[in-house]
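Q:
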Amino acid sequence: MKNIAILGSTGSIGTQTLEIVRANKDLNVVAMTAGSNIELLEKQIREFNPEVVAVWDEEKAELLSQRVKDLDVEVCKGMEGLITAATVDSADIVVLAVVGMVGVRPAIAAINAHKDIALANKETLVTAGHIIMKTAAEKNVKILPVDSEHSAIFQCLNGEKHEQISNLILTASGGPFRNMTRDMMRNVTVEDALKHPNWSMGRKITIDSATMVNKGLEIIEAKWLFDMDIDNIRVVVQPQSLIHSMVEFVDGGIMAQLGTPDMRLPIQYALFYPDRRNLSGERIDFSKITSINFEIPDMDNFRGLYLAREAGKAGGSLPTVMNAANEKAVAMFLNREIGFLDITDIIEKCMDRHQNIDNPSLEDILSVEQDTYDYIDSL
Ligand code: NAD
Ligand code: MG
């Protein structure tokens, strides 16, 4: 039996993780958390019987504890609750599927408590990768990628030597605005941006895919997960999302991982690594694929990819500024307070004014985050 804690159980990754639990009788959920969706969380509690749950929204947490009075479950709230769920004694592995850098402190707490991490929450590695990877190495904890590109690379690297890798090649779909100029993107709506061509995901990452900031975040995520220089992490647009990513080795050989766009595969692979299990669902049918295309990513019209890559190259606290600015700008765009192109303009403004801090501590990271939010408010 493997005991798992799921942070962000009500989200896109969280609910797909629960589908894997339903299909595998040797998985047991011991903790779950949600931001504010207590209706769904209550259903999940009644189905999966966790020991501990946490709700970020403190009023909702109160409401939930009333609603599940008849059950033997501890209801916690806020950041402390997330950390309690991330460190619950019985958990063997924590699926980190909250959205945003709110996951940083729970991630570090889970690693310190010797929990393996199935990591979907890329924003934590982008902002605190140096702390997380170092602590994980010290505690002998595995960081198992869930992001499809990173899972693909992880699968391609099975049994390979680090010094024999030449390049990591991240594939990108290009998002709903692929081949558009900035001018054409000026008046796109929230609804347009939420129409991802291949993947069904949470709202924040779907907007990140439209700006291509997502691929920039993934470059930094790959740098930390696989200990690679940013210059050796390439991006290629592969609009059908059949190739999930590739690795090029010193002899010129390239390994690729392919599959249908289904996040349950990388989630399941992280949960059972190094084993593979049967997974129901669609398979790639090569008799129906007419072509697999490749394009060079357009960094002029998709400034977000360029800016995130620059932040990754500079390192220090600049990736935190880029990420925090993006989180806030995307929330404002989703609230219809700003236009689509304003997202990357805001990121650029925040990055321009920042005095980079080398090797930032957790406190530095959280204060840079707050400072970035305050600056955007002042604009
Ligand atoms: P989502 O919005 O569908 O779900 C997010 C979860 O986090 C929900 O359970 C929500 O209740 C919770 N949450 C939101 N704000 C919170 C807060 N302030 N405090 C605590 N909990 C909070 O997001 P998602 O698409 O499942 O993505 C989760 C993470 O996985 C993101 O970092 C995303 O980049 C990454 N990811 C997602 C996919 C995907 O297919 N959805 C693919 C790759 C990577
Ligand atoms: Mg991805």
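Here the numbering used here is used: the first residue of the sequence shown is 10, the next is one more, and so on. Glycine is no exception: its CB is placed at the ideal position from the N, C-alpha and C atoms. Computed from a prediction, not measured in an experiment: that's the story for all the values here.
Verify whether the separation of the beta carbon atoms of residue 41 and residue 333 is less than 8 Å.
A: Not in contact: residue 41 and residue 333 (Cβ atoms no closer than 8 Å).
Q: For residue 11, write down the residues that DSSP places opposite it in a beta bridge.
A: Answer is 36, bridged to residue 11.
Q: Keeping to the same chain, check which residues put their C-beta closer than 6 Å to that of residue 44; ignore five residues upstream and five downstream.
A: The answer, listed in chain order, is 65.
Q: Check whether the Cβ of residue 210 sits closer than 7 Å to any heavy atom of the ligand NAD, and report yes or no.
A: Yes, the Cβ of residue 210 comes within 7 Å of a heavy atom of the ligand NAD.
Q: What's the call for residue 114, buried or exposed, on a 16-neighbour Cβ count within 10 Å?
A: Its Cβ being crowded by 16 or more others within 10 Å, residue 114 is buried.
Q: Output the residues surrounding the ligand MG, defined as those with a CB atom closer than 6 Å to any ligand heavy atom, in chain order.
A: Qualifying residues come out as 156, 157, 158, 227.
Q: Identify which residue in 162, 204, 354 has its Cα closest to the Cα of residue 263.
A: Considering only alpha carbons, the answer is 162.
Q: Using the rule of at least 16 other Cβ atoms within 10 Å of the residue's Cβ for burial, across every protein chain shown, is residue 307 buried or exposed?
A: Under this definition residue 307 is a buried residue.
Q: On a Cα-Cα basis, can you pick out the residue from 261, 338, 256 that is closest to residue 217?
A: If we check each option's Cα against that of residue 217, 338 comes out closest.
Q: Within the stretch 317 to 376, note down every full alpha helix (DSSP H) run reaching 4 residues or more, in order along the chain.
A: The qualifying runs are 327 to 343, 349 to 362.
Q: For a test of the three-state rule: what should DSSP assign to residue 154, helix, strand or coil?
A: Of the three classes helix, strand and coil, the one that applies to residue 154 here is strand, per DSSP.
Q: Work out the CA separation of residue 228 and residue 246 for me, nearest whole Å.
A: For residue 246 and residue 228, the distance between alpha carbons rounds to 14 Å.
Q: Report the start-end ranges of each alpha helix (DSSP H) in the stretch 112 to 151 that is 4 residues or longer and not cut off at the edges.
A: Counting whole runs of 4 or more residues, the stretch 112 to 151 contains the alpha helix (DSSP H) stretches 113 to 121, 131 to 148.
Q: CB residue 366 to CB residue 325, shorter than 8 Å?
A: Yes, they are a contact pair.
Q: Run the CB neighbour count on residue 99, radius 10 Å, all protein chains shown included, and call it buried at 16 or more, exposed below.
A: When all chains shown are included, residue 99 counts as exposed.
Q: Check the DSSP bridge columns for residue 255 and list the partner residues they point to.
A: Note: residue 255 sits in a beta bridge opposite 178, 265.
Q: Do the CB positions of residue 317 and residue 226 come within less than 8 Å of each other?
A: Yes, the Cβ-Cβ distance between residue 317 and residue 226 is below 8 Å.
Q: Could you pull out every residue in the same chain whose Cβ sits closer than 8 Å to the Cβ of residue 149, ignoring the five residues on either side in sequence?
A: Cβ within range, chain order: 123.
Q: Give the straight-line distance between the Cα atoms of residue 236 and residue 143, rounded to the nearest whole angstrom.
A: Rounded to whole angstroms, residue 236 to residue 143 spans 11 Å at the Cα level.
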